[in-house]
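I have placed the structure first, in the form of structure tokens, so that the comments after it can refer back to it.
Chains as they are written, first to last, in my numbering: chain F, 1 to 310; chain Y, 1001 to 1339.
Right, here's the structure in full:
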């Protein structure tokens, strides 16, 4: 068993009155891919950004390679980011439209003073080829590329500085399904070749299953369930995970999805329900669920869930 | 056999018949044809799913049907669109407005494109009823509340007084559906109506649409990129690629025997949670990109990305032909591939 590269403890990120992330703890081993899933308002994106300190956590700790990065100065954090990169959902919004692809990728090398002159140019070409683009592409601008190609550019930029850890925040949800499969396969190949550690954030449970070793399910700022991918998909133990999986339309007209047992909508993160935050929509909630926050308990090896009733 | 989910009126003439539709957009760089040679029909009360990726022409087709192509760039350059006997491509602007008000309802991906942000939602539904159904103010207001109840909005009386921003995405989409169905249309055009919603809310909206169809009996043209949603909603399916129909069949037939290589590849590229062993398996991607509509491509539009393409596919355009029992396919090699 390899060592923990990332260890998040009691992470809490509030935006004024909005409790976006509430007491989230998990760890990721070196070389592991962890999927983080949830619907809008679950806090999954905020967890990813808090870990990189793109937003400042309100409390809790984030140990990366043994160092609590929430305590680092801004300058120390900047140099740490060489090890920790992010891939965004919308590749277009994250690429400067006035810069060529070569300049965008080269800029990442310049910031961390990683390569100069011919070496820099050679590295840019190598990165482009690695993500399935060609050397000629470095002279073009972002608008000349399709969505899938732009996401490849985003990946090349993230890889430029040679990171050990990557937060991939909904990297394929803006892409067509045939292109989505190309990008997922690319990410899987790169992860295996480079031994990357990845936090893969997505709302699509299907996509997450294909890339993750372990999966964390969040709801309204808290972790509901956390388990090895096989175990989570075959034997979901939290009523929310069960509902989420049951809600996915199956591409087979002979399958009749069971009627939805989940009613209503996500409560406000400004004033979340007491006790279990899921209880207001839960089909098995009892009076007790309102009284205390259910702890994340291990129900089978490495399979954790926060529910007192299932 | 799949049971049709809508209340079909068998033997009656189809509600919609589209023949050789061609849509043209004139841009600075010349003209493009995002939809060409498109023919299909919709029976009364049935759900036809139109499925495809970006650039397939599915949304442009919907806009053409509703007479809402952006002017002056876009226009119907050829073919006919018959709705309940009338040719929409030749209707006056006033007739189209009347039809959009009473005959055809529309729901788009983003509910705020259909809602006025500064008007209470009850008033928005009532306004439509006053304009198109001739109801007076009081009756329209009462009927608006009834419609909100019909789309299962809790406390409809109170919700009618809300502005759109006070509602969640799922509730806004329910309001848009209430508005679209207020005048009892025969056709509902739903263009990616659940794509912007979370999966549990999507499940609620799909269930609602099925229930409303059973109650009201309207036909639905359901436009989506999601084959899971297709399997759940459709009676029949039309697969689009690069502005053309490439496969058409009943939903059961299409998923059991997909004939067009594009449809097969699309089905294989979906990550599926309903099958064991998905974890860490490789997805079957489709290589390359959707073709650029500005570049005329000889032969089959899918051939540059097709794993089964032969020399012939690059030169001669395939016909949309019946492979049996009304299962249409646009592929020169479907016979060999089916064997």
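Glycine is no exception: its CB is placed at the ideal position from the N, C-alpha and C atoms. Computed from a prediction, not measured in an experiment: that's the story for all the values here.
Pairwise C-alpha distance: residue j and residue i
{"i": "residue 1241/Y", "j": "residue 1324/Y", "result": "21 Å"}
{"i": "residue 1184/Y", "j": "residue 254/F", "result": "31 Å"}
{"i": "residue 1244/Y", "j": "residue 1072/Y", "result": "23 Å"}
{"i": "residue 123/F", "j": "residue 68/F", "result": "31 Å"}
{"i": "residue 1219/Y", "j": "residue 23/F", "result": "48 Å"}
{"i": "residue 259/F", "j": "residue 1056/Y", "result": "32 Å"}
{"i": "residue 1212/Y", "j": "residue 1147/Y", "result": "11 Å"}
{"i": "residue 14/F", "j": "residue 44/F", "result": "13 Å"}
{"i": "residue 147/F", "j": "residue 1288/Y", "result": "12 Å"}
{"i": "residue 164/F", "j": "residue 76/F", "result": "17 Å"}
{"i": "residue 209/F", "j": "residue 1058/Y", "result": "30 Å"}
{"i": "residue 110/F", "j": "residue 177/F", "result": "35 Å"}
{"i": "residue 133/F", "j": "residue 152/F", "result": "8 Å"}
{"i": "residue 1314/Y", "j": "residue 1307/Y", "result": "13 Å"}
{"i": "residue 102/F", "j": "residue 108/F", "result": "10 Å"}
{"i": "residue 1353/Y", "j": "residue 1207/Y", "result": "Absent from the structure is residue 1353/Y, since the part of chain Y shown begins at 1001 and ends at 1339."}
{"i": "residue 1140/Y", "j": "residue 1116/Y", "result": "18 Å"}
{"i": "residue 142/F", "j": "residue 158/F", "result": "16 Å"}
{"i": "residue 92/F", "j": "residue 181/F", "result": "19 Å"}
{"i": "residue 1125/Y", "j": "residue 1137/Y", "result": "11 Å"}
{"i": "residue 1029/Y", "j": "residue 249/F", "result": "40 Å"}
{"i": "residue 1001/Y", "j": "residue 1012/Y", "result": "Note that residue 1001/Y has pLDDT 40, beneath the 50 cutoff, so the model's placement of it is unreliable and the number below is only indicative. Distance between the alpha carbons of residue 1001/Y and residue 1012/Y is about 22 Å."}
{"i": "residue 308/F", "j": "residue 1202/Y", "result": "28 Å"}
{"i": "residue 61/F", "j": "residue 218/F", "result": "19 Å"}
The alpha helix (DSSP H) enclosing residue i, as first and last residue numbers
{"i": "residue 264/F", "result": "Residue 264/F -> no alpha helix (DSSP H), and no H or E assigned at all."}
{"i": "residue 188/F", "result": "177–194"}
{"i": "residue 63/F", "result": "Here residue 63/F belongs to no alpha helix (DSSP H); instead the beta strand (DSSP E) covers 59–64."}
Interface flag, residue i vs chain Y, CB-CB below 8 Å
{"i": "residue 10/F", "result": "no"}
{"i": "residue 210/F", "result": "yes"}
{"i": "residue 39/F", "result": "yes"}
{"i": "residue 56/F", "result": "no"}
{"i": "residue 206/F", "result": "yes"}
{"i": "residue 90/F", "result": "no"}
{"i": "residue 114/F", "result": "no"}
{"i": "residue 18/F", "result": "no"}
{"i": "residue 291/F", "result": "no"}
{"i": "residue 169/F", "result": "no"}
Within-8 Å CB hit, residue i to chain F
{"i": "residue 1227/Y", "result": "yes"}
{"i": "residue 1251/Y", "result": "yes"}
{"i": "residue 1022/Y", "result": "no"}
{"i": "residue 1302/Y", "result": "no"}
{"i": "residue 1110/Y", "result": "no"}
Host beta strand (DSSP E) of residue i (start-end)
{"i": "residue 85/F", "result": "84–87"}
{"i": "residue 1034/Y", "result": "1030–1042"}
{"i": "residue 1222/Y", "result": "1219–1224"}
{"i": "residue 79/F", "result": "Residue 79/F -> not in any beta strand (DSSP E); alpha helix (DSSP H) instead, spanning 74–80."}
{"i": "residue 50/F", "result": "Run containing residue 50/F: none in the beta strand (DSSP E); it sits in the alpha helix (DSSP H), 44–51."}
{"i": "residue 1153/Y", "result": "Taken as a continuous stretch (DSSP letters only), residue 1153/Y belongs to no beta strand (DSSP E), as it is neither H nor E."}
{"i": "residue 1210/Y", "result": "Taken as a continuous stretch (DSSP letters only), residue 1210/Y belongs to no beta strand (DSSP E), being part of the alpha helix (DSSP H) at 1199–1216."}
Beta-bridge pairing of residue i - partner residues as DSSP gives them
{"i": "residue 200/F", "result": "35/F, 168/F"}
{"i": "residue 15/F", "result": "18/F"}
{"i": "residue 1321/Y", "result": "1329/Y"}
{"i": "residue 1250/Y", "result": "1236/Y"}
{"i": "residue 1066/Y", "result": "Partner(s): none; residue 1066/Y has no beta bridge."}
{"i": "residue 215/F", "result": "35/F, 227/F"}
{"i": "residue 1241/Y", "result": "1244/Y"}
| task | Taking a Cβ distance cut-off of 9 Å, strictly less, list which residues of the region 1028–1047 of chain Y are near chain F, in chain order. | result | none
| Name the residues in the region 1261–1294 of chain Y whose C-beta lies less than 8 Å from a C-beta of chain F; which are they? | Here the close residues are 1265, 1266, 1267, 1269, 1270, 1271, 1272, 1273, 1274, 1276, 1278, 1279, 1280, 1281, 1282, 1283, 1284, 1285, 1286, 1287, 1289, 1290.
| task | Output, in sequence order along the chain, the residues in the region 1192–1225 of chain Y whose CB is closer than 8 Å to any CB in chain B. | result | Judged by its chain identifiers, the structure shown contains no chain B, and its protein chains are F and Y.
| field | Interface residues of the region 143–155 of chain F facing chain Y [CB-CB below 9 Å] | value | Answer set for the region 143–155 of chain F: 146, 147, 148, 149.
| said: Counting only Cβ-Cβ distances shorter than 8 Å, please list the residues of the region 177–188 of chain F near chain Y, keeping chain order. | reply: 177, 178, 179, 180, 181, 182, 184, 185, 188
| task | With 7 Å as the limit, tell me which residues of the region 1047–1070 of chain Y have their beta carbon closer than that to any beta carbon of chain F; keep them in chain order. | result | 1053, 1054
| query | When you check each C-beta in the region 1126–1160 of chain Y against every C-beta of chain F, which residues fall closer than 9 Å? | reply | In summary, the residues of the region 1126–1160 of chain Y whose CB is separated from some CB of chain F by less than 9 Å are 1154, in the order they occur in the chain.
| said: Closer than 8 Å between beta carbons: that is the criterion. Which residues of the region 224–241 of chain F meet it against chain Y? | reply: Per Cβ criterion, the list reads 229, 230, 233, 234.
| field | Residues, ordered as in the chain, of the region 264–280 of chain F that lie near chain Y by beta-carbon distance below 9 Å | value | So the list reads 264, 265, 266, given in the order they occur along the chain.
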